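Q:
Chains as they are written, first to last, in this note's numbering: chain S, 7 to 335; chain W, 111 to 433; chain G, 5 to 286.
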């Protein structure tokens, strides 16, 4: 495939403190995102999903692997050349309160990327375009001249989305765009993202720890655990018959507003996370919490294998449960 | 049977340049061993309600009305609330790990709280502290005793914070968003722990959260707050299955569930929660309500009893709660 | 820099009566310093042979008395105030410009650039200031410009350190990362995002630096290194007054009180400004 985004064997390391051992936040991740496709990436905090977002946008260096956009390798580009690419690759951040400069009005913040990335526009044209984008996300002109602290969380996140759209990008990475919002507002923003993506034909990498939201918005979903992808499947398949035990744990963890069901699920989840023994064994990273772990799992890292039409799993025992995971003992 | 905690007409005001009313007249009752959850979004006043009860409001906050714990008024005099903390009411904050003093050892901090129980010697306090660390399932409690907070992981600090809240054997545990800052798969552990602790120590629980899933798993009764008022209150079983207030119904619908058949738009409530301090001539929820009618714009609906529940709405979705 | 948050800070300060009083006092003093010498009867170096070393209100026209050379103390004090204020404002301005630019750039760049720039600051910091001033005075002669250079050359060091600390914290904030994603260059980020967001503490520090500069200049002039005749600064006036402290105390008291008032008002205003700009009340 020549278009779209392609990640091959990406690894990113962090040094958490002076003299501390480097931590591999992302370990050998590969996936592809076609033009106009929306791909969901789900996992908990610390699994490396935000790091992947930053690596794609050139904010952190790769320790290993490649990032290709439209068939060209971009992770090794010098800063100046990468800057030209920023017109096509944009990012929607998690906390709208933090990612907008408190000293700039909303309109100024939205127009800001146009300065560097679309220098053909003069001040007036930039301002007009900013207002256009703000209208597209449902913010009135009156709000455009306010400061971030005067707007609510939902309005701020709309402004952040408007800013990402200002340069007419082709790929937008959304890094936990709903996590900082109230539940009743999350739906508004999720629907907005879905609508904009459809209208503009954008490619989108949607990252979240909330499987329900990711599943609703995406066509395909990647599940990450401790820096690796453990399952990748089309949305319906993943939700209906997940093959990796961690995916099932995530499915079970989706909040339930039915009290009876909630309490049963609670017990199951508790048993799952209570199992926690040695970390850092060479085998599967999930082995300490997996109800189905066998000896092989402790010593050998399961590769991400193509299980069936587009369904990839990293589990030694996936073949055993073709019809879905058995109930836990 | 007098309730263990009785809140009557509680009003919380904040002064200063952005003066506003965070809580506008709340009545609640909590019986011994009961578990009540208060649900609301940003600006609902739920956290301020909790803080006001135990006298932990910010310097520019003022609480009026009545909060009675075991019959004793907590809002007056000024030192009534501090006396009740520790052995009367235990408090777990949202950033639980952050509520530990960084430069003192875990054991010291626990013992200090334990000693608020009258008639306990230093040796007893130490024993109690160790016992509580075991109860919160902290691995190897004896060696953790001498450690500083930064030497523990986030999850362990959370448990220590819980232990701190409980070591003086309070009769009620106040928990402010105990699961918000932690991973979804670890939430289950914490919730079960809280449930077990309440059971084992015979405590009542007053839980503040925005997460209906937590409410469903932990609470017996739930009060829904919006813009500083309680808009609906009832048993968890009936309220979550048959909500009467449109806001409650909207919240329930907005909880994202796994799509069972393809994608679909997420349900949402139009508009956004009002800025704290906004004045409303009628019902506070009216601007966002799909059921709003004429009286809603001009008359503020009172919180009325309806079956075993209470609702503040001119057009409740169900009349009379199913038991 | 945009007005919204400053406007709110000004609103907040309006309620603080002591701050308003200080601001009004400073404004009055500044006005008096500019216009006073024109308005008053006597000129700054005019000698009134008939009224030498006369206490305040004792002689017509000499409201605050005269010094031992018969020069009107009111005019001389206002003139001294003018000189002291001018030097203080100029020196603080220089400090601000160099210190902020240096610190913001070093803090944002981190790594080797930061290390080099801050080691340079450390080296300058360790030089004895008074010694340096004396050398400058010997080389460039005495006068306001020398003092200005001497104070400015050292004043920016602390400012740079403070600003660098703020910039280090700021660069980790999400909106800086957002600016990078938006293609902004380093210069643009430092100028448009880093500097405006640290101006709060910087302005406060500047208002607290001003009185310090005045005191340093006064001290140097008192030592005879700074301002010399026929110019007067508050410091040199105090030096004159100290000589006659026992026989004609008002010659010392008048300029000293003026200095005291000035320093107090600036300090208090700075404190009040810091409280008003504190985002925690938002």
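Ideal Cβ positions, reconstructed from N, Cα and C, are used throughout, including at glycine. If you're wondering where the values come from, they're calculated on a predicted model, not measured in any experiment.
In whole angstroms, give me the CA-to-CA distance for residue 284 of chain W and residue 328 of chain W.
A: Stepping through the second chain from its first residue, residue 284 of chain W is reached at position 174. Stepping through the second chain from its first residue, residue 328 of chain W is reached at position 218. Approximately 13 Å, taken between the alpha carbons.
Q: For a cutoff of 8 Å on Cβ pairs, would you count residue 197 of chain S as touching chain W?
A: Reading the first chain from its first residue, position 191 is the one you call residue 197 of chain S. Closer than 8 Å to some Cβ of chain W, the Cβ of residue 197 of chain S qualifies, so yes.
Q: For chain S, check one thing: does any of its Cβ atoms lie closer than 8 Å to the Cβ of residue 191 of chain G?
A: The residue given as residue 191 of chain G occupies position 187 in the third chain. Not closer than 8 Å to any Cβ of chain S, the Cβ of residue 191 of chain G fails to qualify, so no.
Q: Among G:58, G:200 and G:152, which has the Cα closest to the Cα of residue 230 of chain G?
A: Counting from 1 along the third chain, the entry for residue 230 of chain G is found at position 226. The shortest Cα separation from residue 230 of chain G among G:58, G:200 and G:152 belongs to G:152.
Q: Give the interface partners of residue 132 of chain S over in chain G, defined as CB-CB distance under 8 Å, in chain order.
A: Position 126 of the first chain holds residue 132 of chain S. Those do not exist, as residue 132 of chain S stays about 12 Å from chain G at its closest Cβ, beyond 8 Å.
Q: In the structure shown, what three-state DSSP assignment does residue 296 of chain S receive?
A: Within the first chain, the letter at position 290 stands for residue 296 of chain S. Assigned with DSSP and collapsed to three states, residue 296 of chain S falls in coil, not helix or strand.
Q: Check the C-beta distance from residue 218 of chain G over to residue 263 of chain G and give it rounded, since I have them as a contact under 8 Å.
A: Counted from its first residue, the third chain places residue 218 of chain G at position 214. Counted from its first residue, the third chain places residue 263 of chain G at position 259. Yes, residue 218 of chain G and residue 263 of chain G are in contact; Cβ-Cβ is about 7 Å, under 8 Å.
Q: Considering just the uninterrupted stretch of the beta strand (DSSP E) at residue 3 of chain G, what are its terminal residues?
A: Absent from the structure is residue 3 of chain G, since the part of chain G shown begins at 5 and ends at 286.
Q: Residue range of the beta strand (DSSP E) that residue 214 of chain S falls in?
A: Numbered from 1 along the first chain, position 208 holds the residue referred to as residue 214 of chain S. From DSSP, the beta strand (DSSP E) with residue 214 of chain S extends over 209-214.
Q: Report the three-state DSSP secondary structure of residue 216 of chain G (helix, strand or coil).
A: Stepping through the third chain from its first residue, residue 216 of chain G is reached at position 212. Helix at residue 216 of chain G.
Q: Considering only DSSP beta bridges, list what residue 150 of chain G is partnered with.
A: As a working note, residue 150 of chain G is residue 146 in the third chain. According to DSSP, residue 150 of chain G bridges with nothing at all.
Q: Does the region 160-175 of chain S come close enough to the region 212-222 of chain S that 3 or more CB-CB pairs lie under 8 Å?
A: The region 212-222 of chain S and the region 160-175 of chain S do not touch, with fewer than 3 CB-CB distances between them shorter than 8 Å.
Q: Could you run through the region 378-409 of chain W and flag, in chain order, every residue whose CB is less than 7 Å away from some CB of chain S?
A: Answer set for the region 378-409 of chain W: 378, 379, 382 and 383.
Q: 8 Å is my cut-off, CB to CB: does residue 283 of chain S come that close to chain W?
A: As a position in the first chain, residue 283 of chain S is number 277, starting the count at 1. Unreliable positioning characterises residue 283 of chain S in this predicted model, as indicated by a pLDDT of 49, which lies under 50. A coordinate reading is not provided.
Q: Can you tell me whether residue 226 of chain W is buried or exposed? The criterion is at least 16 other CB atoms within 10 Å of its CB, across all chains shown.
A: The sequence position of residue 226 of chain W within the second chain is 116, counting from 1. By the neighbour-count rule (16 or more Cβ atoms within 10 Å), residue 226 of chain W is buried.
Q: Can you name the start and end residues of the alpha helix (DSSP H) that residue 254 of chain G belongs to?
A: One-based indexing of the third chain puts residue 254 of chain G at position 250. Segment 254-281, the alpha helix (DSSP H) holding residue 254 of chain G.
Q: Rounded to the nearest angstrom, what separates residue 176 of chain S and residue 13 of chain S at their Cα positions?
A: Taking the first chain and counting its residues from 1, the one referred to as residue 176 of chain S is at position 170. Taking the first chain and counting its residues from 1, the one referred to as residue 13 of chain S is at position 7. The straight-line gap from Cα to Cα measures roughly 17 Å.
Q: Only counting the same chain, and skipping five residues up and downstream in sequence, which positions put a Cβ closer than 7 Å to that of residue 360 of chain W?
A: As a first step, residue 360 of chain W must be located in the second chain, where it is residue number 250. Excluding positions up to five away in sequence, the list reads 379.
Q: Under 8 Å between C-beta atoms, does residue 336 of chain S make it to chain W?
A: This structure cannot speak to residue 336 of chain S, because chain S is shown only from 7 to 335.
Q: Please work out which residues of its chain come closer than 8 Å, Cβ to Cβ, to residue 29 of chain G, disregarding the five sequence neighbours upstream and downstream, and give them in chain order.
A: Mapped onto the third chain, residue 29 of chain G falls at position 25. Result list for residue 29 of chain G: 265 and 269, in chain order.
Q: List the residues of chain S that residue 178 of chain G touches, going by C-beta distances under 7 Å, in chain order.
A: As a working note, residue 178 of chain G is residue 174 in the third chain. Those within 7 Å of residue 178 of chain G in chain S are 99, 101, 104 and 105.
Q: Taking one C-beta from the region 170-177 of chain W and one from the region 118-134 of chain W each time, how about it: are there three or more such pairs within less than 8 Å?
A: yes
Q: On the criterion of 16 or more Cβ atoms from any shown chain inside 10 Å, does residue 300 of chain S qualify as buried, or is it exposed?
A: The sequence position of residue 300 of chain S within the first chain is 294, counting from 1. Per the 10 Å Cβ criterion, exposed.
Q: Secondary structure at residue 180 of chain S, three-state DSSP: helix, strand or coil?
A: Residue mapping note: residue 180 of chain S aligns to position 174 of the first chain, counting from 1. Residue 180 of chain S sits in a strand when the DSSP states are folded into three classes.
Q: How big is the Cα-Cα spacing for residue 142 of chain G and residue 170 of chain S?
A: For the purposes of this step, residue 142 of chain G is taken as residue 138 along the third chain, with counting starting at 1. For the purposes of this step, residue 170 of chain S is taken as residue 164 along the first chain, with counting starting at 1. Near 60 Å, if we compare the C-alpha coordinates of residue 170 of chain S and residue 142 of chain G.
Q: Starting from residue 45 of chain S and walking both ways along the beta strand (DSSP E), at which residues does that stretch end?
A: To locate residue 45 of chain S, count along the first chain from 1; it is residue 39. 44-48 is the span of the beta strand (DSSP E), which, as asked, contains residue 45 of chain S.
Q: As a quick exercise: from W:424, W:186 and W:349, pick the residue whose alpha carbon is nearest that of residue 417 of chain W.
A: Taking the second chain and counting its residues from 1, the one referred to as residue 417 of chain W is at position 307. Comparing Cα positions, the closest option is W:349.
Q: Go through the region 210-286 of chain W residue by residue and report every complete run of the beta strand (DSSP E) that reaches 3 residues or more, in order.
A: 282-286
Q: Can you give me the C-alpha to C-alpha distance between residue 250 of chain W and residue 138 of chain W, rounded to a whole angstrom?
A: Position 140 of the second chain, counting from 1, holds the residue named residue 250 of chain W. Position 28 of the second chain, counting from 1, holds the residue named residue 138 of chain W. Rounded to the nearest angstrom, the two C-alpha atoms are 40 Å apart.
Q: The alpha helix (DSSP H) spanning residue 40 of chain G covers which residue range?
A: Counting from 1 along the third chain, the entry for residue 40 of chain G is found at position 36. Its alpha helix (DSSP H) spans residues 21-43.
Q: Using only the alpha-carbon positions, how far apart do residue 145 of chain W and residue 64 of chain S sit?
A: Counting from 1 along the second chain, the entry for residue 145 of chain W is found at position 35. Counting from 1 along the first chain, the entry for residue 64 of chain S is found at position 58. Residue 145 of chain W and residue 64 of chain S: Cα-Cα distance of roughly 49 Å.
Q: Answer with buried or exposed for residue 280 of chain W, where buried requires no fewer than 16 other C-beta atoms within 10 angstroms of its C-beta.
A: To locate residue 280 of chain W, count along the second chain from 1; it is residue 170. By the 10 Å Cβ count, residue 280 of chain W comes out buried.
Q: Here's a check: name, in chain order, each residue in its chain whose Cβ is nearer than 6 Å to the Cβ of residue 409 of chain W, leaving out the five neighbours to either side.
A: Translated into positions along the second chain, residue 409 of chain W becomes position 299. Excluding positions up to five away in sequence, the list reads 392.
Q: Alpha carbon to alpha carbon, how far is residue 51 of chain G from residue 61 of chain G? Give it in angstroms, no decimals.
A: Stepping through the third chain from its first residue, residue 61 of chain G is reached at position 57. Stepping through the third chain from its first residue, residue 51 of chain G is reached at position 47. Cα to Cα, residue 61 of chain G sits roughly 17 Å from residue 51 of chain G.
Q: In angstroms with no decimal places, state the Cα-to-Cα distance between residue 233 of chain G and residue 227 of chain G.
A: Taking the first residue of the third chain as position 1, residue 233 of chain G is located at position 229. Taking the first residue of the third chain as position 1, residue 227 of chain G is located at position 223. Cα to Cα, residue 233 of chain G sits roughly 13 Å from residue 227 of chain G.
Q: Name, in chain order, the residues that DSSP records as bridge partners for residue 125 of chain W.
A: Numbered from its first residue, the second chain carries residue 125 of chain W at position 15. DSSP output for residue 125 of chain W lists no bridge partner at all.
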